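Participant: Residue numbers (this note's numbering), protein chains in the order written: chain A, 1 to 327; chain B, 328 to 618. Have a look at this one.
Put into structure tokens, the structure is as follows:
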């Protein structure tokens, strides 16, 4: 019988790590973006104030207002264009395919009610200039942000810093907002870590959704040993803690890389084309359909564990931040 | 017969944030002063910490020069720790990560340390720091094995990111093999690395893992730069090697002398210790840049 021994080498982000608190004299009001999915997996509309149950730091919180969707969404989409997305071969296939796919998608025009801003990151973060609903402007912007020289693609992949910049870009926007991070999760060269990114997103009230790899990678070390590199764990945690979603959209799972042939093109290991850009539309829909609920928080400041549930609706899934900060 | 199947899960999650780097005042000679960092060992290889200025003799192109500046104070570490994360490191990535903590533990206030990796990509932390928690976060979050071994590209990048640093600048690289690839668009032929290291006065250290000798060209560069290299007989020696490098960097003497001419030429340096049984290691040349 095989013995599976799993060594967990670092701690998961927990609500406790975000739960330092201090006293404040006045009750505070906070707005939280919440998505409710029905039993069929589709956004559930029509809920009212009485349907929501909220606790913060274990204490019941009064729901003062509920603003239902749909409402226009503001989305910042960030593409990882570093070489690791090419399945270790680094030929730029992923970025090339992404450019074509994205162009087609924009030609088909996403919902014009939403505003989008695209960015890419490898050694540098490249952000399109403004949030826009104009497909032609967005196509022009994506052409610029995806034109990344090799020297940058073979540099670091600061996914956390990029996502933080996306949050900052949305911080001053009103209404429904989301950052969408498309990455293999091999985040390197960051100024800030994952915990700090979560804190920033929670404080700004901006959910981060992630389109990431389909699963872990297992490398054979010897006949009896393997190394599992799971870059999805951090990404899933990031989405869950900020109230976003994790979509396993691309990449390979499982075995080791086959050897690269000495000549000719490499095998198609990074099916970037598999990336379901429809997921972007799904993210926009979910953002649009989110509720914005107003809470009256107890007289305490600092991050607290947040739990939002919907009563009398079996099978519903609620996406909300894992913690809350009074603002 | 079935074997036990051991799986190590690498979770890469954060611990804390990186703080802004701080400038640390360091000994720095004037424009016409050549700074030489020297480590002195006894016959057993132990570092010798208690020498005075008069214990040293410095020769420039074979001629004695006056040691005008001297310090035996511990010098701040300005360093990039470059970790080989090529695909062949898969079996060792957890050990390397854990062992690198020994180096991080040696970081002190005022040091300016970065951590980098090379494999599929070359990635170096953008901000030097003296915060151990920030460096440990990088070790936990940012080590991803895969790809070839762009060793020379990585060394060049590790020096380039330190171009604006002052004082003794160090590149410590850990690898399990020779250079196997050059990444598109990245700089760093062996010749370019050698030239930059000598011209811009970088101190190079290298650690070769068990069964993976460091390539000869890098060994020669390390010796030329006044650094040291460690060929491990067993990977289990890795924490001790990291600790030794940190100890050496703390225990170096700083000597300064005036160059005979600022002629844009390379000049030989020979540092000797006047006490019997002691050996000095320092860079072997400097470029007399006319400013």
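Just so you know, even glycine gets a beta-carbon here, dropped at the ideal spot from N, CA and C. Note that the structure is predicted; figures quoted are calculated from it, not measured.
#1: Measuring only between beta-carbons, confirm whether residue 479 of chain B sits less than 9 Å from chain A.
#2: Please return the same chain residues whose Cβ sits closer than 6 Å to the Cβ of residue 217 of chain A, not counting the five positions on each side in sequence.
#3: Contact check, residue 538 of chain B vs residue 609 of chain B under 8 Å by CB: the rounded distance?
#4: Give the residues from the stretch 59-83 of chain A that approach chain B closer than 9 Å (Cβ to any Cβ), ordered along the chain.
#5: Check each residue of the stretch 502-518 of chain B: if its Cβ is closer than 7 Å to any Cβ of chain A, include it; give the result in chain order.
#6: Between the stretch 136-159 of chain A and chain B, which residues of the former have CB atoms less than 9 Å from a CB of the latter, in chain order?
#7: Based on the DSSP secondary-structure assignment, which residues constitute the bridge partners of residue 442 of chain B?
#8: Return helix, strand or coil for residue 416 of chain B, following the three-state DSSP convention.
#9: Please confirm if residue 448 of chain B has its CB atom under 9 Å from at least one CB of chain A.
#10: Could you tell me the boundaries of the beta strand (DSSP E) in which residue 220 of chain A lies?
#11: Going by beta-carbon coordinates alone, are residue 396 of chain B and residue 582 of chain B separated by less than 9 Å?
#12: Quick one: is residue 183 of chain A buried, meaning 16 or more other Cβ sit within 10 Å of its Cβ, or exposed?
#13: Please list, in chain order, the residues of the stretch 420-453 of chain B that have any C-beta partner in chain A closer than 9 Å.
#14: In the DSSP assignment, the beta strand (DSSP E) including residue 121 of chain A goes from what residue to what residue?
#15: Leaving out five residues before and five after residue 446 of chain B in sequence, what residues of the same chain have Cβ atoms less than 6 Å from its Cβ?
#16: Quick one, which residues of the stretch 464-476 of chain B are near chain A if we go by CB-CB under 9 Å, in chain order?
#17: Using three-state DSSP, classify residue 508 of chain B as helix, strand or coil.
#18: Mind listing the chain B neighbours of residue 389 of chain A? Cutoff is C-beta to C-beta under 7 Å, in chain order.
#19: By how many angstroms is the C-alpha of residue 496 of chain B removed from the C-alpha of residue 366 of chain B?
#20: What does a CB cutoff of less than 6 Å around residue 77 of chain A pick up in its chain, not counting 5 residues either side in sequence?
#21: Find the residues of chain A that neighbour residue 572 of chain B, judging by a C-beta separation of less than 8 Å, and give them in chain order.
#22: Going by DSSP in three states, residue 486 of chain B sits in which element: helix, strand or coil?
#23: Here's the rule I'm using: 16 or more other beta-carbon atoms within 10 Å means buried, otherwise exposed. How should residue 382 of chain B be labelled?
#24: Have a look at A/309, A/322, A/186 and A/219 and flag the residue whose alpha-carbon is nearest the alpha-carbon of residue 416 of chain B.
#25: Rounded to whole angstroms, what's the CA-CA distance from residue 377 of chain B to residue 398 of chain B? Just pull it up for me.
#26: Determine whether the beta carbon atoms of residue 510 of chain B and residue 531 of chain B lie at a separation below 9 Å.
#27: Whose CA, out of A/72, A/49 and A/149, lies closest to the CA of residue 293 of chain A?
#28: From residue 523 of chain B to residue 489 of chain B, what distance separates their C-alpha atoms?
#29: With C-beta atoms as the reference, is residue 458 of chain B less than 9 Å away from residue 434 of chain B?
#30: In three-state DSSP terms, what is residue 537 of chain B?
#31: Using a C-beta to C-beta distance shorter than 9 Å, which residues of chain A count as neighbours of residue 365 of chain B?
#32: Using DSSP with H/G/I as helix, E/B as strand and the rest coil, what is residue 393 of chain B?
#33: Out of B/481, B/485, B/528 and B/486, state which residue places its alpha-carbon closest to the alpha-carbon of residue 505 of chain B.
#34: If we define contact as Cβ-Cβ less than 9 Å, is residue 533 of chain B a contact residue for chain A?
#35: Please list, in chain order, all residues of the same chain as residue 200 of chain A whose beta carbon is under 6 Å from its beta carbon, the five residues on each side excluded.
#36: If we count the other Cβ atoms within 10 Å of its Cβ and call it buried at 16 or more, is residue 255 of chain A buried or exposed?
Facilitator: Let me lay it out:
#1: The C-beta of residue 479 of chain B comes no closer than 9 Å to any C-beta of chain A.
#2: 229
#3: Between residue 609 of chain B and residue 538 of chain B the Cβ distance is about 31 Å, and since that is not below 8 Å, they are no contact.
#4: Answer in chain order: 82 and 83.
#5: 510, 511, 512 and 513
#6: 149, 150, 151, 152, 153, 154, 155, 156, 157 and 158
#7: B/408
#8: helix
#9: yes
#10: 217-222
#11: yes
#12: buried
#13: Considering only beta carbons, the part of the stretch 420-453 of chain B lying closer than 9 Å to chain A consists of 420, 421, 424, 425, 443, 444, 446, 447, 448, 449, 450, 451, 452 and 453, in chain order.
#14: 115-121
#15: 412, 413, 473 and 474
#16: 464, 465, 467, 468, 469, 470, 471, 472, 473, 474 and 475
#17: coil
#18: Only positions 1 to 327 of chain A appear in the structure, and residue 389 of chain A is not among them; the question remains open.
#19: 15 Å
#20: Excluding residues within five positions, the ones whose Cβ falls inside 6 Å are 118 and 180.
#21: Ordered by position in chain A, no residue passes the 8 Å Cβ test against residue 572 of chain B, which lies about 23 Å from the chain.
#22: helix
#23: buried
#24: A/219
#25: 11 Å
#26: no
#27: A/49
#28: 12 Å
#29: yes
#30: DSSP places residue 537 of chain B in the coil class of the three-state scheme, outside both helix and strand.
#31: Near residue 365 of chain B there are no residues of chain A at all, since even the closest Cβ is about 34 Å away, more than 9 Å.
#32: The three-state secondary structure of residue 393 of chain B, taken from DSSP, is coil.
#33: B/481
#34: Cβ-Cβ to chain A under 9 Å: no for residue 533 of chain B.
#35: The beta carbon of residue 200 of chain A sits closer than 6 Å to those of 164 and 167, all from its chain and outside the five residues before and after it, given in chain order.
#36: Only weak support exists for where residue 255 of chain A lies, its pLDDT of 36 falling under 50; the value from the coordinates is given anyway. The residue in question, residue 255 of chain A, is exposed, as its Cβ has fewer than 16 Cβ neighbours within 10 Å.
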